[in-house]
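Undergrad:
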Amino acid sequence: MENKIREAIDEIKRGSFEIIDIEAIEKLIKRYFETGENFYVKAGFDPTAPDLHLGHTVLIQKLATFQKFGGIVQFLIGDFTATIGDPTGKSETRKVLSEEDVQRNAVSYKDQVFKILDESKTEVMFNSKWLKELGTGGLIALASNLTVARMIERDDFSKRFASNTPIAVSEFLYPLLQGYDSVAMNTDIELGGTDQKFNLLMGRTLQKAYNCKKQQAVLMMPILEGLDGVQKMSKSLGNYIGVTDEAFDMFGKILSISDELMWRYFELLSAKSLKEIEEIKEGVKSETLHPKKVKESLAMEIVERFHGNGAGITAKEEFERVFAKKDVPTDMNSFELDAPVWICQALVDSKLVDSTSQARRDIKANAVSINQEKIGDDKLNLEKGEYILQKGKKNFAKIIIK
Numbered sequence: 000m001e002n003k004i005r006e007a008i009d010e011i012k013r014g015s016f017e018i019i020d021i022e023a024i025e026k027l028i029k030r031y032f033e034t035g036e037n038f039y040v041k042a043g044f045d046p047t048a049p050d051l052h053l054g055h056t057v058l059i060q061k062l063a064t065f066q067k068f069g070g071i072v073q074f075l076i077g078d079f080t081a082t083i084g085d086p087t088g089k090s091e092t093r094k095v096l097s098e099e100d101v102q103r104n105a106v107s108y109k110d111q112v113f114k115i116l117d118e119s120k121t122e123v124m125f126n127s128k129w130l131k132e133l134g135t136g137g138l139i140a141l142a143s144n145l146t147v148a149r150m151i152e153r154d155d156f157s158k159r160f161a162s163n164t165p166i167a168v169s170e171f172l173y174p175l176l177q178g179y180d181s182v183a184m185n186t187d188i189e190l191g192g193t194d195q196k197f198n199l200l201m202g203r204t205l206q207k208a209y210n211c212k213k214q215q216a217v218l219m220m221p222i223l224e225g226l227d228g229v230q231k232m233s234k235s236l237g238n239y240i241g242v243t244d245e246a247f248d249m250f251g252k253i254l255s256i257s258d259e260l261m262w263r264y265f266e267l268l269s270a271k272s273l274k275e276i277e278e279i280k281e282g283v284k285s286e287t288l289h290p291k292k293v294k295e296s297l298a299m300e301i302v303e304r305f306h307g308n309g310a311g312i313t314a315k316e317e318f319e320r321v322f323a324k325k326d327v328p329t330d331m332n333s334f335e336l337d338a339p340v341w342i343c344q345a346l347v348d349s350k351l352v353d354s355t356s357q358a359r360r361d362i363k364a365n366a367v368s369i370n371q372e373k374i375g376d377d378k379l380n381l382e383k384g385e386y387i388l389q390k391g392k393k394n395f396a397k398i399i400i401k
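For what it's worth, numbering that gives the first Met the number 0 labels the leading residue of the sequence shown as 0, then goes sequentially.
1. DSSP on K390, reduced to helix/strand/coil?
2. Cβ atoms of T64 and E10: under 8 Å apart, would you say?
3. What is the DSSP secondary structure of L42, counted as helix, strand or coil?
4. Rank Y108, K128, E1 and M184 by C-alpha distance to the C-alpha of K213 and give the top, closest one.
5. Ignoring anything shorter than 3 residues or poking outside the segment 103 to 168, list the beta strand (DSSP E) runs there in chain order.
6. Can the beta-carbon of Y386 be found less than 8 Å from the beta-carbon of N365?
7. Less than 8 Å between the C-beta atoms of K114 and R320, yes or no?
8. Which of the three DSSP states is assigned to N380 in this structure?
9. Just grab the DSSP bridge partners of F74 for me.
10. Could you tell me if K252 is buried or exposed, where buried requires 16 or more neighbouring beta carbons within 10 angstroms of its beta carbon?
11. Taking only three categories from DSSP, how would you classify F68?
12. Please look up how many angstroms separate the CB atoms of Y108 and P174, rounded, as I've assumed it's under 8 Å.
13. Which same chain residues, not among the five before or five after C343, have their C-beta less than 7 Å away from its C-beta?
14. Give the single residue among S143, G225, G192 and D194 whose Cα lies nearest to the Cα of T204.
15. Per DSSP, I19 forms a beta bridge with which residues?
16. Where does T92 fall in DSSP's three states?
17. Under the rule that 16 or more other beta-carbon atoms within 10 Å means buried, what is R159, buried or exposed?
18. Measuring straight from C-alpha to C-alpha, what distance separates A396 and V347?
19. Please tell me whether G14 and M261 are closer than 8 Å, where the distance is taken between their beta carbons.
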């Protein structure tokens, strides 16, 4: 049993940025293995954007790991706190969401996270249930647990204060309310990103203040690098893999990452155990496994997670049919355009040519292909769909026309 407990702790520590009170986590795991008693692991999500990318799933994947070892996930939809807006990392007061937006986004989150989490070991909770009942007296009592000086210590607040950027009093309430969630939910462990440390520690502070007979442990996960391997995964930077991406696109994007970044994705995204990953690394090191084959296995695993059994091998076969056998690169730039699109404008927008007049000349010179077929019509309009544009032998771009 000791070996099982140690393996469980190693899996929980895997990829984490910082853990506060690992001893408490070890006791909970040990108790589960010895008695079968569950414990509660919280992660809060303000439903401000319904579409997740793989960077968001790093935290959800860790929640799934806890579920393997006795954790009941408290998946908290911050429908009340979203009406305030978490100021973490922001240089200005955030726009408040409407109740309709919050509810619509919450439904979308639930649909997406249960592709990773075990629904039978998950409690979806909404903090409006207890925060609406807190009342004026309860709110004042809650606010008395923190000084203004302590609040200003928070990095984003201190920067805004120093630069004379307005800070709404309501924003001071956010970390207090997040901490109170842990009191109301009787949470044992809370997970969050590295930028959430102040808020996560607030749960420990308030559980002590409210005599909860426990102080939650805290586990923070790092930010996942995007496809470029440098910047964090972000839709605004265009280096992301969306969990709602088509299986074919998801497979291709994962295959485009560097061999070095592949191991980071294995660590933070794969459901394979540390022992299995170490065996794969040894195989690559000894050259009994090719890095591309390993990357393909990772891509298939992630595709199947979001698209179902069999989707991974189907995506792989389609990818090979379209690309590998036609000498088309897998790491080409991708552009989204609105239908209809004039072919010459598409060549400009995808940065294959500098002007529409140059595009006309290239088409007339038989130097432009769409999906590996030469075109000669410089008046062609492209409708909704996905296309691979090629100019000459080595210049490619993928365009997605919506």
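Glycine included, C-beta positions come from ideal geometry on N, C-alpha and C.
TA: Looking at the atomic coordinates:
1. Along the sequence shown, read from residue 1 onward, the residue named residue 390 stands at position 391. The answer is strand: DSSP assigns K390 an E or B state.
2. The residue you call residue 10 lines up with position 11 of the sequence shown. The residue you call residue 64 lines up with position 65 of the sequence shown. For E10 and T64, yes; Cβs fall inside 8 Å.
3. On the sequence shown, position 43 is the one that residue 42 refers to. Before going further, note that residue 42 is Ala rather than Leu in the sequence given. In the structure shown, A42 sits in a strand (DSSP, three-state: E or B).
4. As a working note, residue 213 is residue 214 in the sequence shown. If you compare the alpha carbons of Y108, K128, E1 and M184 with that of K213, the shortest gap goes to M184.
5. DSSP runs (the beta strand (DSSP E)) wholly in the segment 103 to 168: 121 to 125.
6. Numbered from its first residue, the sequence shown carries residue 386 at position 387. Numbered from its first residue, the sequence shown carries residue 365 at position 366. Going by beta carbons, Y386 and N365 fall outside the 8 Å limit.
7. Taking the first residue of the sequence shown as 1, we reach residue 114 at position 115. Taking the first residue of the sequence shown as 1, we reach residue 320 at position 321. In this structure, R320 does not lie closer than 8 Å to K114 by Cβ.
8. Numbered from its first residue, the sequence shown carries residue 380 at position 381. Correct three-state label for N380: strand.
9. What you label residue 74 is simply residue 75 of the sequence shown in a count that begins at 1. Partner(s): A42 and V123.
10. Taking the first residue of the sequence shown as 1, we reach residue 252 at position 253. Buried: at least 16 other Cβ atoms inside 10 Å.
11. Looking up residue 68 in the sequence shown gives position 69. Correct three-state label for F68: coil.
12. As a working note, residue 108 is residue 109 in the sequence shown. As a working note, residue 174 is residue 175 in the sequence shown. About 21 Å; that fails the 8 Å criterion.
13. In the sequence shown, residue 343 corresponds to position 344, counting from 1. Listed in chain order, the non-local C-beta contacts of C343 below 7 Å within the same chain comprise T355, A358, R359 and D377, local neighbours out to five positions each way being set aside.
14. Working through the sequence shown from its first residue, we reach residue 204 at position 205. Proximity to T204 across S143, G225, G192 and D194 peaks at S143, based on C-alpha coordinates.
15. Counting from one through the sequence shown, the residue named residue 19 turns up at place 20. Per DSSP, V217.
16. Mapped onto the sequence shown, residue 92 falls at position 93. Low confidence applies to T92: its pLDDT is 47, below 50, so where it sits in the model is not reliable, and the reading given next is rough at best. Here T92 sits in coil by DSSP.
17. On the sequence shown, position 160 is the one that residue 159 refers to. It is buried - the Cβ of R159 has at least 16 other Cβ atoms within 10 Å.
18. Walking along the sequence shown from the start, residue 396 turns up at place 397. Walking along the sequence shown from the start, residue 347 turns up at place 348. A396 and V347: Cα-Cα distance of roughly 11 Å.
19. Taking the sequence shown and counting its residues from 1, the one referred to as residue 14 is at position 15. Taking the sequence shown and counting its residues from 1, the one referred to as residue 261 is at position 262. No, Cβ-Cβ distance for G14 and M261 is not below 8 Å.
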